């Protein structure tokens, strides 16, 4: 399993609250339909005024091919187009990682 982790920066036209509402609302409704998606989580800072980024995105797929296929799909294009309306694409760091869980008491 691999996870795409991205730190998001909102578009200047949005307040942090407006960004979070759009990202975790209408945008999430689109993104959850990405083909091959195994896990999808969004996180917002507890104190956004002191944070460098407006949110952290984590998308988990079986492998790199599944990740690429997801974003090459029609849904993937719709997700990217929608995100470009309320985020500053590429403004924050992005990594594809392999997770090692050391404790999971959920």
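In UniProt numbering, the protein residues as written are 1 to 106. For glycine and all other residues, C-beta sits at the position ideal for the given N, C-alpha and C. Here the structure is a predicted model, which is why all the values come from computation and not from measurement.
N-terminal and C-terminal residue of the alpha helix (DSSP H) that residue 67 is part of:
Taking the first residue of the chain shown as position 1, residue 67 is located at position 67. Run containing residue 67: 64-72, per the alpha helix (DSSP H) assignment.
Less than 8 Å separating the beta-carbons of residue 36 and residue 71?
Working through the chain shown from its first residue, we reach residue 36 at position 36. Working through the chain shown from its first residue, we reach residue 71 at position 71. No, the pair does not count as a contact, with Cβ atoms beyond the cut-off.
Could you compute how far the alpha carbon of residue 83 sits from the alpha carbon of residue 89?
Translated into the one-based positions of the chain shown, residue 83 becomes position 83. Translated into the one-based positions of the chain shown, residue 89 becomes position 89. In a straight line, the C-alpha of residue 83 is about 8 Å away from that of residue 89.
Would the beta-carbon of residue 31 fall within 8 Å of that of residue 103?
Here the question's residue 31 lines up with position 31 in the chain shown. Here the question's residue 103 lines up with position 103 in the chain shown. It is not a contact, given that the beta carbons lie outside the stated cut-off.
Nearest candidate by alpha-carbon position, reference residue 77, set 34, 106, 45:
Translated into the one-based positions of the chain shown, residue 77 becomes position 77. Its Cα nearest to that of residue 77, the residue 34 stands out among 34, 106, 45.
Closest by C-alpha distance to residue 47, when choosing among 91, 20, 29
Along the chain shown, one-based indexing puts residue 47 at 47. With distances taken between Cα atoms, residue 47 lies closest to 20.
DSSP beta-bridge partners of residue 6
Walking along the chain shown from the start, residue 6 turns up at place 6. Note: residue 6 sits in a beta bridge opposite 57, 94.
Do residue 8 and residue 67 have their C-beta atoms within less than 8 Å of each other?
What you label residue 8 is simply residue 8 of the chain shown in a count that begins at 1. What you label residue 67 is simply residue 67 of the chain shown in a count that begins at 1. No. Outside cutoff.
For the alpha helix (DSSP H) holding residue 22, just list the boundary residues, first then last.
Numbered from 1 along the chain shown, position 22 holds the residue referred to as residue 22. 16-22 is the extent of the alpha helix (DSSP H) around residue 22.
Count the other C-beta atoms from every protein chain shown that fall within 10 angstroms of the C-beta of residue 54, then say buried if there are 16 or more, exposed otherwise.
Translated into positions along the chain shown, residue 54 becomes position 54. Under this definition residue 54 is a buried residue.
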